[in-house]
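Here the sequence shown stands for residues 2 to 642, where the numbers follow the working numbering.
Everything below concerns the one structure shown next.
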Amino acid sequence: MIIATAGHVDHGKTLLIKALTGVDTDRLPEEKKRNLTIDLGFAYLPLNDAETIGFIDVPGHEKFIRNMLCGVAGIDFVLFVVAADDGLMPQTREHLAILDLLGVSRGAVALTKIDRVEEVRAVEVSEEIDELFANTSLAGVPVFPVSAMTGEGVDGLKQHLLDAAADMPLRRATGNFRLAIDRSFDVVGAGLVVTGTVFSGKIYTSSAVRVLGAEMDVRLRGIHAQNTESETGQAGQRCALNLAGTKLDKDLIRRGDWIVAGDLPPPVHRIDARLRVLGSEASVLAHWTPVHIHLGASETTGRVAVLGDKGIVPGEDGLVQLVLDQAIGAVHGDGLIIRNQSAQRTIGGGQVIDVYSPTRGRAKPERIAFLRAMEEPDDGTALAALLENSPHGLFLDQFAGARNLASGDIEALAELVPMKSVSTETGTLGFSAQHWDTVRTAVLDGLAAWHKKSPDTVGPGENRILSGTGIRLPTNAALSISAELVREGAIVKEGMGIRLPSHQPRLQGADATNWKKIKPLLIEGGLRPPVVIDIAHAIGNEPRKVESLLVRAGRHGLVVRVAKNRFYPPEMLRQLGEIAEKVALDAENGMVTAATFRDASEIGRNLAIEVLEFFDKMKFTRRVGDAHEVIRPAADAFSVE
């Protein structure tokens, strides 16, 4: 369990932690000199042989609220400190407001310095505390009168904290690993160490991790979890990670960055959130208000774009888009706090809804509906609602990334939530059964209209199957939908065209006669069919007329034009596609080059280059420098009837 202190300056937070743990958390020379906590301090208290309670001592002075916000991010429990002599003070109220905005609901209040006041004063302040806390997330937490100087009440408070830790359910180490860096320093003989609170997931000393803010891959030399050397670190722990790596640059790592593992969204400049404005605010939070934003251990400036209404009334909440001056890492559910432009006053706070925020149309009704569905706390409920609200499909990779779902989590959800999944170059699209049926019907109706208009052609290219349907999807999604409908048997791919099973155009008259002469020549040519002029000589016809016939044959799906003078039967082209696919699988870098393809197909360098360029054009491969990457299965790209 991780416990953070909270409360006004000079109310005895640091002294109380020392009384509970024996550790003085003021570590900086300036803190010792001024007898004032400036930055975060840390201490630990063993719970049993296997578990330890971690304490984060936060500063109480209003000048150091930014450090306090860093300390309370991701905690399990708050130890709120109020001095009996001073009573409720400004930072008492502000710290409580922050904890309430972040939804911290587990805690206890230490009524300190009772050795300085009469019992009646202690009772009076205790009642004021109950009243102040009554309408917050910490309503009803127990109050413990204590004196760190005399030790009175400390043992009772300590036992309560130990009992609370023992009863605290272990955080599920689900999702990808995320540690919010709050300190980084060099250790002689070990190198760079970063510390922070683990928000989610689990890592091992063998795990591959990276610094999200600095975008550098690093490796782990060691892990200390809750102040103990460990092979693992997981959600709900304070961890120190000893980092190493050839690209490690300690000057690029700062407080607010994240150490992460797995597939997580990159740092973003826009965050959609639900924001609650404190009731103590004097005015409405207006659209485009400049603010300071605190999330995890990070702080940046930006503006609040209010979605829908003109502003948010004090005491109310609303949907907003935070437009940040500096990109930060975030996922759905992260708590955040906003302060005014001068960082002197807390305005409000809330939770992240989505990190894939649009630059345009952020307040459109369909986007608002998306955010309301995304707000659902249960992943399955949210996914089902989003699928229903996404007639053009939902990118499941973005959904998983935004909600920090590991690959196994999204696979489990796919089994619980009925959907149709279609893989595309840019990610997997999910459709509800109703919306998939709409897409399917639109494609089939579109093909029927095409056949009626052009009865002598096989049909449109697969990248055009959505043309005229009103369904707006990227080209690569159209290719994947085409492949899926071919697998279902709803449509047929013939050459480079798509048709309904009932539509079977045929060459007529002289074209049919000449095709019977040409087809055997193409088949006999195998993977290197003859060029147009050679075919013309073989059948005793003019090259121009042979080319025109082959173009018409292509419209019927009988051949595919790969180059100006070269036509392939679909089955031969598929064989070349399968060869390219195998070459890529066998290559260390997963790429196909003209040389490796030439050697595997034995068709010669010039023709190998022509074929690979055609593969790029039809989006079976993608050019990457001097090589080609296979981006979809050959079985989908070259379906042959």
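All C-beta atoms in this analysis are idealised placements derived from N, C-alpha and C, irrespective of residue type, glycine included.
Coarse secondary structure for residue i, derived from DSSP in three states
i: Trp451; result: helix
i: Ile260; result: strand
i: Met573; result: helix
i: Gln235; result: strand
i: Ser629; result: Sequence inspection shows His at residue 629; the Ser mentioned does not correspond to that position. His629 falls in the strand class under three-state DSSP.
i: Met592; result: strand
i: Ala306; result: strand
i: Ala283; result: coil
i: Gln327; result: strand
i: Val155; result: helix
i: Gly713; result: Since the first residue of the chain shown is 2 and the last is 642, residue 713 is not available in this structure.
i: Ala636; result: helix
i: Glu485; result: helix
i: Phe65; result: helix
i: His333; result: coil
i: Ala364; result: coil
i: Pro544; result: helix
i: Glu603; result: coil
Continuous alpha helix (DSSP H) stretch holding residue i: start and end
i: Ser127; result: 120-134
i: Ile411; result: 408-417
i: Leu608; result: 606-618
i: Ile18; result: 14-22
i: Ile519; result: 510-525
i: Ile115; result: Element bounds for Ile115: n/a, residue is neither H nor E.
Cα-Cα separation, residue i to residue j
i: Glu282; j: Ile348; result: 7 Å
i: Thr514; j: Glu548; result: 15 Å
i: Trp437; j: Phe616; result: 28 Å
i: Pro570; j: Lys494; result: 13 Å
i: Arg473; j: Thr427; result: 15 Å
i: Val593; j: Leu467; result: 30 Å
i: Ala386; j: Leu296; result: 27 Å
i: Lys365; j: Leu406; result: 27 Å
i: Ser460; j: Arg556; result: Going by the sequence as given, residue 460 is Gly instead of Ser. Rounded to the nearest angstrom, the two C-alpha atoms are 7 Å apart.
i: Ala298; j: Phe200; result: 11 Å
i: Lys546; j: Lys517; result: 15 Å
i: Gly104; j: Gly152; result: 31 Å
i: Leu417; j: Phe400; result: 15 Å
i: Pro267; j: Gly431; result: 22 Å
i: Asp12; j: Gly42; result: In the sequence under discussion, the amino acid at residue 12 is His, which differs from the Asp named in the question. Answer to the nearest angstrom: the Cα atoms are 16 Å apart.
i: Ile115; j: Asp310; result: 49 Å
i: Tyr357; j: Val423; result: 20 Å
i: Leu249; j: Arg255; result: 13 Å
i: Ile224; j: Leu486; result: 50 Å
i: Met375; j: His393; result: 17 Å
i: Phe56; j: Val219; result: 28 Å
Residue i vs residue j beta-carbon contact at 9 Å
i: Ser483; j: Thr425; result: no
i: Gly257; j: Ala331; result: no
i: Ile3; j: Phe78; result: yes
i: Asp398; j: Thr429; result: yes
i: Asp264; j: Ser408; result: yes
i: Pro544; j: Pro506; result: no
i: Asn390; j: Val261; result: no
i: Leu102; j: Ala7; result: no
i: Leu414; j: Leu372; result: no
i: Arg277; j: His333; result: no
i: His9; j: Val118; result: no
i: Glu63; j: Gln92; result: yes
i: Asn477; j: Lys620; result: yes
N-terminal and C-terminal residue of the beta strand (DSSP E) that residue i is part of
i: His293; result: 290-296
i: Asp58; result: 53-58
i: Asp252; result: Counting along the chain, Asp252 falls outside any beta strand (DSSP E), and DSSP gives it neither H nor E.
i: Pro170; result: Note, Pro170: premise wrong, no beta strand (DSSP E); not H, not E.
i: Ser185; result: 179-188
i: Leu430; result: 428-432
i: Glu495; result: 493-495
i: Leu80; result: 78-84
Check your understanding: Quick one: any contact between the region 43-55 and the region 140-157, if contact means 3 or more CB pairs under 8 Å?
Key -> Output reads no: the region 140-157 does not touch the region 43-55.
Check your understanding: Should the region 322-330 be called in touch with the region 71-89, which here means at least 3 C-beta pairs below 8 Å?
Key -> Verdict: no, contact absent.
Practice item. Answer yes if the region 496-512 comes into contact with the region 436-455, meaning at least three C-beta pairs across the two stretches below 8 Å, and no otherwise. Key: Touching, yes, given that three or more Cβ pairs across the two stretches are closer than 8 Å.
Exercise for review: Evaluate the contact criterion for the region 300-315 versus the region 269-279: three or more CB pairs, one atom per stretch, below 8 Å.
Suggested key: Judged by Cβ distances under 8 Å, the region 300-315 makes contact with the region 269-279, as three or more pairs qualify.
Check your understanding: Does the count of Cβ pairs from the region 187-204 and the region 156-166 closer than 8 Å reach three?
Key -> Contact between the region 187-204 and the region 156-166 is absent, because fewer than three Cβ pairs lie under 8 Å.
Exercise for review: May I ask you to verify whether the region 623-636 touches the region 576-593, counting CB pairs closer than 8 Å and requiring at least 3?
Suggested key: The answer is yes - the region 576-593 touches the region 623-636, with three or more Cβ pairs under 8 Å.
Review point. Is there contact between the region 12-21 and the region 99-119, where contact requires at least three CB pairs shorter than 8 Å?
Key: Verdict: yes, contact present.
Point to revise | Cβ contact check for the region 527-535 and the region 593-611: 3 or more pairs under 8 Å | key: Between the region 527-535 and the region 593-611 there are three or more C-beta pairs closer than 8 Å, enough to call the two in contact.
Review point. How do the region 86-96 and the region 309-321 stand: do at least 3 beta-carbon pairs fall below 8 Å, yes or no?
Key: No: fewer than three Cβ pairs fall under 8 Å.
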